[in-house]
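Quick note: the sequence shown uses this note's numbering, first residue 143, plus one each step. Ideal Cβ positions, reconstructed from N, Cα and C, are used throughout, including at glycine. None of these values were measured; they are calculated from a predicted model. Inspection log for the structure reproduced underneath, given as structure tokens.
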Amino acid sequence: MVILGLNYYFHDSTACIVVDGRLVAAIEEERLNRDKHTKLFPQLAIERCLKMANLSFKDIDHIAVSIKPDLYIGKKIRYGLSNPTSLRYLVSHEFVHAYRRQKQFWRWYKGIYESENIGPKVHFIPHHFSHAPGSFMVSPYKKAALLGLDGSGEWGCTFLGYGDGNRIEQFGETFFPHSLGSFYEAVTQFCGFRTNYDEGKTMGLAPMGDPKVFYDIVEKIVHVNAKGEVTLDLSYFNFQKMQSGADSHLSPKFIQTFGRPRKHGEEFEKYHMDVAAAFQKVLEDKVLQICEILHEKTNADYLVISGGVSLNSVMNGRIVRESKFKDVYVMPAAGDNGTAIGAAFYLYNGMLKQPRKFVHLNPYIGTEYSNAEIEKVLKSCKLTYTEHEDICEVAATLLEQGKIIGWFQGPMEIGPRALGSRSILANPAFPDMKAKINSEIKFREAYRPFAPSVIVEAKNEFFDLEVEAPFMLKVCNVLPEQQSVIPAITHVDGSARVQTVRKEMHPRYYEVIEKLGKKTGVPVVLNTSFNIQGEPVVESPKDAIRCFYSNGLDALVLGNFLLVKKTVSLSGLEERMMMEIVEK
């Protein structure tokens with residue numbers, strides 16, 4: 143059985159292919175069309191996934207779409223009638239938008255299959271069932287509590303439930319406008335960032351502030367009842383009025399209470415940081431409160447969390463440390479991109495009742511380029527490069543010297559975090575490395591932290607982390623005695639968004655970290671996504687080369703090939719290159 147999973151309704155358009163209950167390919171459209179968080183229909187991603195799976199359109203049996211547009215239509219109409227000022231925008235966003243997106247889908251479908259009688263059966267899966275229940279179906283747990291948190295799906299914002307084998311029980315849901323996602327979008331806009339795009343920047347800014355300054359006020363804005371349902375004090379917000387504008391999320395009361403919003407490009411005032419810190423702390427506390435209710439209701443050992451809010455890795459770290467759950471599964475693409483996967487597996491396991499046989503612990507399910515394909519591109523670009531049998535030794539030597547390298551290896555990872563296939567790597571022991579990468583390579587705000595990757599055997603030597611974190615979605619503390627050892631990845635509050643790396647999961651990435659550790663005593667690298675601010679992560683060798691020559695990277699490793707810029711002094715590395723040439 144072949145299932146094509148699709149997300150195209152809101153943003154982060156994505157496609158995946160599931161064959162007989164196993165995920166064989168998944169890719170975000172942005173990686174191919176180079177439009178970050180793209181809302182365009184994922185036609186390129188569909189074609190690439192089929193190519194990777196060695197399938198054609200005629201092989202597809204089912205299509206699972208991560209939205210059910212007519213769900214809660216009555217609630218939307220009642221909301222519009224009771225809020226006349228929102229009616230025009232409601233009609234535009236919830237009805238006209240829905241019509242256009244579905245028309246686009248059916249135009250594509252009929253362009254391939256001519257009619258539904260010829261093509262595969264189409265299933266429109268409720269958005270929140272594509273989040274937490276869909277994630278549960280590919281989690282390592284047979285039983286788990288389920289929590290979905292985002293801005294909104296069809297109209298729901300929070301999903302509470304329980305998974306047992308193939309069975310899903312839903313026992314709680316919060317509806318728009320009482321959305322923790324929109325709550326956090328508001329403070330993101332207040333800090334001068336783009337909503338539904340830059341929430342990670344807000345999370346990174348929060349440790350710069352003092353949450354106590356505004357905590358008592360912000361804490362009263364969010365109420366969680368005994369069922370885990372969320373209610374917001376809407377007098378602080380404008381997003382529920384569905385009106386466009388520069389401050390559409392913020393009401394006059396919000397601005398009067400917290401101060402003037404920062405404009406993009408302005409310097410941060412202390413109160414911006416304090417407000418960010420308070421909103422972050424309240425989000426964490428309220429979600430922990432929901433987790434307590436979920437645990438009491440389900441008595442489950444494990445939690446599966448999904449939706450855009452679940453990308454808040456600081457929150458996830460506190461759930462791991464402070465909740466009663468033993469561990470938390472967060473899919474590597476936990477936002478809307480992952481709903482393509484969630485919809486496909488909820489269809490296969492939840493609706494078609496097929497046995498669960500796949501666990502999504504390997505994020506490296508995207509495109510891959512062989513050394514022959516890479517060299518063909520290098521030659522076509524007329525670039526000077528060298529080939530190395532032990533490329534990990536070469537890369538580790540460069541990292542030891544303090545060089546910053548682009549690292550392009552193996553199948554591309556899925557999700558927003560670079561996990562060692564399309565990464566920029568550096569030595570975290572250099573104190574000025576964070577500032578250097580932010581200013582010369584990523585071209586982004588100076589305060590923003592970078593994440594560490596550590597071989598799993600060494601995680602407890604450097605980090606206060608009892609569980610594994612292979613997808614870089616759980617923030618923990620750097621051990622106090624190690625903070626001066628790896629300063630470039632230690633945030634201002636002593637935390638780090640760590641990735642644990644297993645040899646069997648990504649052998650080459652593990653090897654370069656291990657070799658750096660043998661040279662320096664620190665088997666940890668600074669790992670950030672291979673892109674510059676505002677662009678998607680690189681997908682192809684051409685993308686990587688273009689990015690390499692557009693910023694301050696010192697070297698580029700593509701498969702077994704090395705490119706260096708003329709300003710790089712290779713010192714001992716040149717001798718190693720000559721030895722390899724002689725040996726050959």
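Would DSSP call residue i helix, strand or coil?
i	result
G253	helix
D635	coil
V429	helix
K210	coil
N693	coil
W549	strand
M647	coil
L607	coil
L525	coil
D478	helix
A388	Confidence at A388 is low in this model, with a pLDDT of 49, below 50, so the placement of that residue should be treated as unreliable; the coordinate-derived value is given next. Coil, per DSSP.
V355	helix
K616	strand
Y339	coil
V680	coil
V144	strand
S198	coil
V627	coil
L349	The sequence shown places Pro at residue 349, not Leu. If DSSP states are grouped into helix, strand and coil, P349 belongs with the helices.
H530	coil
S734	The requested residue 734 does not occur in the structure, where the chain is confined to residues 143 to 726.
E408	coil
N602	helix
F585	coil
Based on the DSSP output, what are the partners of residue i in its beta bridges?
i	result
Q641	S595
D306	K285 and R309
N669	L567 and A593
N149	T156
D469	Y444
V264	I205
T727	As displayed, the chain neither begins before 143 nor continues past 726, which places residue 727 out of reach and without an answer.
V699	W549 and L704
Y506	E555
Throw me the rounded Cβ distance for the residue i and residue j pair, which I believe falls under 8 Å.
i	j	result
A187	E170	7 Å
L146	I202	5 Å
A240	A485	Going by Cβ atoms, the distance from A240 to A485 rounds to 17 Å, so no, they are not a contact pair.
K545	D696	4 Å
R559	P474	7 Å
L148	A157	6 Å
G552	R688	Rounded, the Cβ-Cβ distance is 20 Å, inconsistent with contact.
Q331	H406	About 10 Å; that fails the 8 Å criterion.
G450	D478	7 Å
V364	F396	Actually they do not touch by this definition, with Cβ atoms about 14 Å apart.
G276	F487	5 Å
S281	V160	The Cβ separation is near 15 Å, so there is no contact.
Would you give the residue range spanned by the beta strand (DSSP E) that residue i belongs to?
i	result
Y444	Y444 to S448
R164	R164 to E170
L291	K285 to L291
I159	T156 to V161
L376	Segment: none, L376 is in no beta strand (DSSP E) and carries neither H nor E.
L705	F703 to V706
V366	V364 to V366
Just curious, the alpha helix (DSSP H) that residue i is in, first and last residue?
i	result
C689	P683 to F690
G314	No alpha helix (DSSP H) holds G314; the beta strand (DSSP E) holding it covers R309 to F317.
S565	Note, S565: premise wrong, no alpha helix (DSSP H); beta strand (DSSP E) at R564 to A568.
V664	Careful: V664 lies outside any alpha helix (DSSP H) and carries neither H nor E.
T481	T481 to F487
N458	S455 to E464
F271	H269 to M279
F396	P394 to F400
A577	M575 to I579
I533	I533 to E542
F325	L322 to F332
R220	I215 to S224
Which residue's Cα is closest to the Cα of residue i: the options?
i	options	result
G253	K200, H235, S155 and R404	K200
V355	F332, V634, H365 and K412	K412
N259	W297, V617, I215 and H204	H204
K578	K521, N693, K661 and H502	N693
K521	L376, L704, L436 and S455	L704
P612	P353, Y506 and Q625	Y506
H273	P665, V634 and A482	A482
M279	G701, K263, D306 and G293	D306
I'd like to confirm something about residue i: is its beta-carbon nearer than 7 Å to some heavy atom of the ligand ADP, or not?
i	result
N702	Looking for the ligand ADP in the displayed structure turns up nothing, as the structure carries no ligands at all.
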